[in-house]
């Protein structure tokens, strides 16, 4: 198999085209191959654009070498003429769910850094390989169409626009881009630690690709699921405007209309209503599906129903579905 080649100037300009309207881009750079390529290629592209760059490295403090690695990134950024900041995750670290905790902390710190820098965009170096791993993890977790749309190349994060220029680029091409320039990167040993799900999936890559589950095909699946999800969301938004009404601190859905809708659209409406009154979005699609089945059955039979989900109270009576905030649990605060 021929060795992968690095990205050329034309390809790089095309990939960063999604950032042309940015005033300032915050680059999330851990020091690994992917994010180092993001820093290097963005710096080259920015020479011919009016976009300002600021690089940030989040030091999670989970490994003894993390602070040294962050300083290496700072030195590389300086050599490229890109301002660099180090954001440290302070405080106690979780004993379980370290990956999720680190991810949440990372984005909070990046959001803070973006505000300080006046950034309009946040760029991360997720690749086609990352997208494939994300899809497999979500498939294993039982995700629905929205989850199987994977990561999006462009996504709003509050006031920030989160861009992933390399989302359809194989990691090997980023590595090749660095090798062609003689630029080193940091290898994180946790990337091969099979106590975590992603490294286990990487270890199974050869088997999966042998069965046709290549990163390229999974990336295509994500795009198709994203296209389908966007279409469903538009239909659901129109149905919401016609069906839902606010009334005395609750949302009321017309039962007859809900019954006439395709189940997928009805499900989106129910999830939106729950999310609007609960203390969190439903965390499991299966729970929302079970709730929808119960609601539709009650509407068909004319029975009353009372359920709770994600901090919301769902009631069915007189042919209507009412969703409001659930009362505090007994003994709770």
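Residue numbers (the numbering used here): 2 to 334. Glycine included, each C-beta is placed from N, C-alpha and C at the ideal position.
Under the rule that a run must span 4 or more residues, the alpha helix (DSSP H) segments found entirely inside the segment 102-167 read 129-141. Taking the Cα positions, residue 325 is about 11 Å away from residue 307. Each residue's CA atom was taken as its position, placing residue 318 and residue 227 some 35 Å apart. Short of 7 Å from the beta carbon of residue 156, and not among the five residues preceding or following it, lie these beta carbons of its own chain, in chain order: 163. Looking at the DSSP output, residue 248 sits in a beta bridge with 251.
If you compare the alpha carbons of 75, 279, 132 and 161 with that of residue 108, the shortest gap goes to 161.
In terms of CA proximity to residue 172, 36 leads the group 328, 231 and 36. The three-state reading of DSSP puts residue 177 in helix, counting H, G and I together.
Under the three-state reduction of DSSP output, residue 68 falls in the helix class. Look at residue 214 here: in three-state DSSP terms it is coil, with no helix or strand label.
The C-beta distance from residue 19 to residue 166 rounds to 6 Å, short enough to fall under 8 Å. Per DSSP, the unbroken alpha helix (DSSP H) holding residue 15 starts and ends at 10-16. Secondary structure note for residue 58: its beta strand (DSSP E) is the uninterrupted segment 53-60. C-alpha of residue 112 to C-alpha of residue 239: approximately 32 Å in a straight line.
Note on geometry: alpha-carbon atoms of residue 82 and residue 184 lie some 15 Å from one another. Look at residue 262 here: in three-state DSSP terms it is coil, with no helix or strand label. Of the other Cβ atoms in all chains shown, fewer than 16 fall within 10 Å of the Cβ of residue 284; this residue is therefore exposed.
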